[in-house]
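Its first residue numbered 2, the sequence shown is counted upward by one per residue in the working numbering. Just so it is clear, CB atoms sit at the ideal spot from N, CA and C, and this is done for glycine as well.
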Amino acid sequence: MGTFSSEQEDPYLFLKELSLLFLETIKKRFKIKNFL
Numbered sequence: 002m003g004t005f006s007s008e009q010e011d012p013y014l015f016l017k018e019l020s021l022l023f024l025e026t027i028k029k030r031f032k033i034k035n036f037l
């Protein structure tokens, strides 16, 4: 049952990656708005 503990940690890393991608997309949108 050691895999269960690792599976519990995966969601947090996935959320962190999603948040980072979300921040990057927001920054890109702001840059595009400022450029236009």
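| Query | Result |
| --- | --- |
| In angstroms, rounded to a whole number, what distance separates the CA positions of LEU21 and ILE33? | 18 Å |
| Distance check for ASN35 and MET2, CA to CA, integer angstroms please. | Only weak support exists for where MET2 lies, its pLDDT of 46 falling under 50; the value from the coordinates is given anyway. Distance between the alpha carbons of MET2 and ASN35 is about 51 Å. |
| Identify, in the order they occur along the chain, each residue of the same chain with its Cβ nearer than 7 Å to the Cβ of ILE27, setting aside the five sequence neighbours on each side. | none |
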